[in-house]
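Counting the sequence shown from 1 gives a position; the numbering used here is that position plus 176.
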Amino acid sequence: MVPGPTPVPERILAAMHRQPIDFSGPEFVALSDRLFQDVRALFETTHPVFLYAANGHGAWEAALANTLSPGDAVLIPEVGQFSEGWRVLAEALGVRCRTIPNDWRTPIDPAAVEAALKADAMGEIKAVLMVHTDTAASVTSDVQAVRAAIDAAGHDALFMVDVIASLGTTEYRMDAWGVDVTVAASQKGLMTPPGLALVAANDKAQAAAAAASTPRRYWDWAERLSGPHYKRFCGTAPEHLIFALDEAVRMLAEETLAGAVARHRRLAEAVRAAVAVWAEGGALAFNALRPESRADSVTTVLVPDGFDPESLRGLARERYGVSVSGGLGRMEGKAFRIGHMGDINEPMVLGGLAVIDLGLKRLGVPIGAGALEAAVASLAAAPETLARAAE
Numbered sequence: 177m178v179p180g181p182t183p184v185p186e187r188i189l190a191a192m193h194r195q196p197i198d199f200s201g202p203e204f205v206a207l208s209d210r211l212f213q214d215v216r217a218l219f220e221t222t223h224p225v226f227l228y229a230a231n232g233h234g235a236w237e238a239a240l241a242n243t244l245s246p247g248d249a250v251l252i253p254e255v256g257q258f259s260e261g262w263r264v265l266a267e268a269l270g271v272r273c274r275t276i277p278n279d280w281r282t283p284i285d286p287a288a289v290e291a292a293l294k295a296d297a298m299g300e301i302k303a304v305l306m307v308h309t310d311t312a313a314s315v316t317s318d319v320q321a322v323r324a325a326i327d328a329a330g331h332d333a334l335f336m337v338d339v340i341a342s343l344g345t346t347e348y349r350m351d352a353w354g355v356d357v358t359v360a361a362s363q364k365g366l367m368t369p370p371g372l373a374l375v376a377a378n379d380k381a382q383a384a385a386a387a388a389s390t391p392r393r394y395w396d397w398a399e400r401l402s403g404p405h406y407k408r409f410c411g412t413a414p415e416h417l418i419f420a421l422d423e424a425v426r427m428l429a430e431e432t433l434a435g436a437v438a439r440h441r442r443l444a445e446a447v448r449a450a451v452a453v454w455a456e457g458g459a460l461a462f463n464a465l466r467p468e469s470r471a472d473s474v475t476t477v478l479v480p481d482g483f484d485p486e487s488l489r490g491l492a493r494e495r496y497g498v499s500v501s502g503g504l505g506r507m508e509g510k511a512f513r514i515g516h517m518g519d520i521n522e523p524m525v526l527g528g529l530a531v532i533d534l535g536l537k538r539l540g541v542p543i544g545a546g547a548l549e550a551a552v553a554s555l556a557a558a559p560e561t562l563a564r565a566a567e
């Protein structure tokens, strides 16, 4: 029950349980050619998706190194720990970052984005970097509203969106929503082991890459689109992760992307129903203040002063075999986080909530009564869709 890495289905583990093959041979070339096409459906894009042997930080760097030059400016609407992380990485590349401050409890304000871009009379801002769902804050912001803000400002900045914690869990339409670059990773909604970064780039972004001067080789989009097949991976392919992602794409196609999004919403509502009841005891609270911005992939729960959330995490993990996450960044020691994304279903969520409920009671945290009943009632009231058993 952590927000990544998430449980890996048996089907994906089985797809990886094989010997390596010749990465320049016809079998692997055919498989990866198909995957490079099929994975576009997850982003809802017709544009290329680049695959790197890296984590989400690698995806961030690939997006920036390809499109920007040292000294360029970007606008970062702050939302949580991961917008902050993207800023730190950008500055390491020599990029000047302008940040719109945020309290980490509310979503990105599109009006503030519009105002910041309108104030950029010289057109210095080359990109807007947006985190769709921040896993530290468990806040999801409105991609379409930010795109509308960029358009209303009449600004030509590239629009880059981090969907690392939302791809496969939350509605996202890269092309229809006017996103230029999307960054993602394998270990969350895609149900695949950590180690693959995914970056989708449209024509505008690739044109920017042709003019950008940041040194790059491994990340280079142009290099990966040219010449022999092995250049798509800048050398030896991470074959077993490719086998895994190929099976994950198949599984999501079988469930349908809309089905996976609906499943995550259904399970998230059950978690939120339980947290709302716990909060009635006066000690716990949602970090995300606005119900409509609470993420469908993770829920951050604030704890009272004087309570160490590590005591709950340790009890749940060591005594009951359930892992939950702690707070990150400015919320370290002030929160615990419940992941509800990837290969999960109703019994897993209910079991996890039961362990947390038990742990809170054993540790003497005042909580409202009936959290599990509220979660069950939420699930019982949800639309009747086929619940996929965890693999």
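C-beta: ideal position from N, C-alpha, C; glycine also.
query                                                                                                                                                                      : result
Alpha carbons only, please: which of Ala-438, Thr-316, Ala-325, Pro-369 is nearest the one belonging to Arg-466?                                                           : Thr-316
Please classify Val-178: does DSSP put it in a helix, a strand, or coil?                                                                                                   : coil
Rounded to a whole number of angstroms, what is the C-alpha to C-alpha distance between Thr-282 and Ala-206?                                                               : 45 Å
Check the DSSP bridge columns for Phe-335 and list the partner residues they point to.                                                                                     : Val-304
Starting from Arg-441, trace the alpha helix (DSSP H) both ways and give me its first and last residue.                                                                    : 433 to 455
Among Leu-526, Ile-326, Met-336, which has the Cα closest to the Cα of Glu-237?                                                                                            : Met-336
Between the Cα of Val-339 and the Cα atoms of Arg-349, Ala-333, His-331, which residue gives the shortest distance?                                                        : Arg-349
Can you list, in chain order, the residues of its chain with a C-beta nearer than 8 Å to that of Ala-217? Leave out the 5 residues immediately preceding and following it. : Val-425, Ala-429, Leu-433
Figure out for me which residue from Glu-220, Val-215, Glu-300 has the closest Cα to the Cα of Ala-249.                                                                    : Glu-300
Quick check on this structure: which residue in Thr-346, Ala-295, Ala-266, Cys-273 has the alpha carbon closest to the alpha carbon of Ala-436?                            : Thr-346
Compute the distance between the beta-carbons of Gly-518 and Gly-371, then report whether it is under 8 Å.                                                                 : no
Should His-193 be labelled buried (16 or more other beta-carbon atoms within 10 Å of its own) or exposed?                                                                  : exposed
Just the C-alpha distance for Leu-443 and Glu-522, rounded to the nearest angstrom, thanks.                                                                                : 7 Å
Measure the C-alpha to C-alpha separation of His-405 and Ala-268 and round it to an integer number of angstroms.                                                           : 31 Å
For a test of the three-state rule: what should DSSP assign to Thr-222, helix, strand or coil?                                                                             : coil
Return the chain-ordered list of same chain residues with a C-beta closer than 6 Å to the C-beta of Leu-240, the five sequence neighbours on each side being excluded.     : Ala-266, Leu-269
Could you check what DSSP says for Leu-251 in three-state terms: helix, strand or coil?                                                                                    : strand
Would the beta-carbon of Ala-446 fall within 8 Å of that of Ser-554?                                                                                                       : yes
Let me make sure I understand the geometry here. Which of Val-307, Thr-311, Arg-272 has the alpha-carbon closest to that of Gln-320?                                       : Val-307
Going by DSSP, what residue range makes up the alpha helix (DSSP H) through Lys-234?                                                                                       : Note that residue 234 is Gly in the sequence shown here, rather than Lys. It spans 232 to 243 - the alpha helix (DSSP H) in which Gly-234 sits, taken as one unbroken run.
Looking only at its chain, what residues have a beta carbon closer than 8 Å to the beta carbon of Tyr-394, apart from the 5 residues adjacent to it on each side?          : Tyr-228, Cys-410
For Pro-414, tell me which candidate among Ala-373, Ser-402, Ala-387, Asn-378 has the shortest Cα-Cα distance.                                                             : Ala-373
Would Ile-514 pass as a contact of Gly-528 if the rule is Cβ separation under 8 Å?                                                                                         : yes
Going straight from the alpha carbon of Ala-324 to that of Arg-493, what length do you get?                                                                                : 44 Å
I'd like the span of the alpha helix (DSSP H) that includes Ile-340, first residue to last.                                                                                : No alpha helix (DSSP H) holds Ile-340; DSSP gives it neither H nor E.
Select from Asn-463, Ile-418, Leu-334 the residue whose C-alpha is nearest the C-alpha of Glu-203.                                                                         : Ile-418
Does Thr-311 pass the burial test, meaning 16 or more other C-beta atoms within 10 Å, or should it be called exposed?                                                      : buried
To the nearest angstrom, report how far apart Trp-454 and Ser-208 are at their CA atoms.                                                                                   : 47 Å
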